[in-house]
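Undergrad:
Residue numbers (my numbering): 29 to 214.
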């Protein structure tokens, strides 16, 4: 009974190998072999991504060090190597590309060009200052109006603070005066 359940949970995918990590001399004679070479790989539903990757390595005798696996469908789209890869047929196999790390892209050292950023920020600040100066020069009484408005707002805030301070002092009384100020008439 366990064998029946085990067979139901297995899936078979067909994979064709394409080695791009080898030198061009090796790749010429291997390419002809790889076109014919399609292998089936049995996957279980409980297999994780690392287990699927390990099974691919075993099927094609690939050392996993220093290479990257790219699994593509028949249209050439990348498929994530995971536990639930869709089942396919032998006539339309997945293509497993094996490439070196950074084979298609040459990595560059990390470098941050701060000089350009600082220059652009300085230009922006200078531009804003020029705009403010232009506005102030167009309206001659703007400085006086601004200082008057700031003064009135400060005076209003001071009045509000005095009022709040008075209320806090009234609320600080710690004696309980009772519920009634006059004696009840009963």
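Backbone N, C-alpha and C fix where the C-beta goes; we use that ideal spot for every residue, glycine too.
Quick caveat: nothing in here was measured; it's all calculated off a predicted structure.
With a 10 Å radius around its C-beta and 16 neighbouring C-beta atoms as the bar for buried, classify residue 193 as buried or exposed.
TA: So residue 193 counts as exposed.
Undergrad: So residue 122 and residue 99 are in contact, right, with Cβ under 8 Å, and what is the actual spacing, rounded?
TA: Residue 122 to residue 99, Cβ: 6 Å. Contact.
Undergrad: Could you tell me if residue 178 is buried or exposed, where buried requires 16 or more neighbouring beta carbons within 10 angstroms of its beta carbon?
TA: Looking at its Cβ environment, which holds fewer than 16 other Cβ atoms inside 10 Å, residue 178 is exposed.
Undergrad: Can you tell me which of 76, 47, 167 puts its alpha carbon nearest to the alpha carbon of residue 113?
TA: Comparing Cα-Cα distances from residue 113 to each of 76, 47, 167, the minimum goes to 76.
Undergrad: To the nearest whole angstrom, what separates the beta carbons of residue 65 and residue 45, a pair I think is in contact under 8 Å?
TA: 6 Å between Cβ atoms; contact.
Undergrad: At what residues does the alpha helix (DSSP H) containing residue 182 begin and finish?
TA: Where residue 182 is concerned, the enclosing alpha helix (DSSP H) stretches over 170-199.
Undergrad: Quick one: residues in its chain with C-beta nearer than 8 Å to the C-beta of residue 29, no 5 flanking neighbours on either side, listed in chain order?
TA: With a pLDDT of only 41 at residue 29, under 50, the local geometry of the prediction cannot be trusted, and no value is derived from it.
Undergrad: For the putative contact between residue 94 and residue 129, defined by C-beta atoms under 8 Å, what is the C-beta separation to the nearest angstrom?
TA: Yes, residue 94 and residue 129 are in contact; Cβ-Cβ is about 6 Å, under 8 Å.
Undergrad: Per DSSP, what are the beta-bridge partners of residue 81 in this structure?
TA: BP columns for residue 81 are empty, so no partner.
Undergrad: State the Cα-Cα distance for the pair residue 36 and residue 96, rounded to the nearest angstrom.
TA: With a pLDDT of only 49 at residue 36, under the threshold of 50, the placement of this residue in the model should not be trusted, and no figure is reported.
Undergrad: So residue 40 packs on residue 115, CB below 8 Å; how close in whole Å?
TA: About 7 Å; that satisfies the 8 Å criterion.
Undergrad: If I follow the unbroken beta strand (DSSP E) through residue 95, where does it start and stop?
TA: First-last of the beta strand (DSSP E) with residue 95: 95-100.
Undergrad: Can residue 126 and residue 49 be called in contact, C-beta distance under 8 Å?
TA: Cβ distance < 8 Å, so residue 126 and residue 49 count as in contact.
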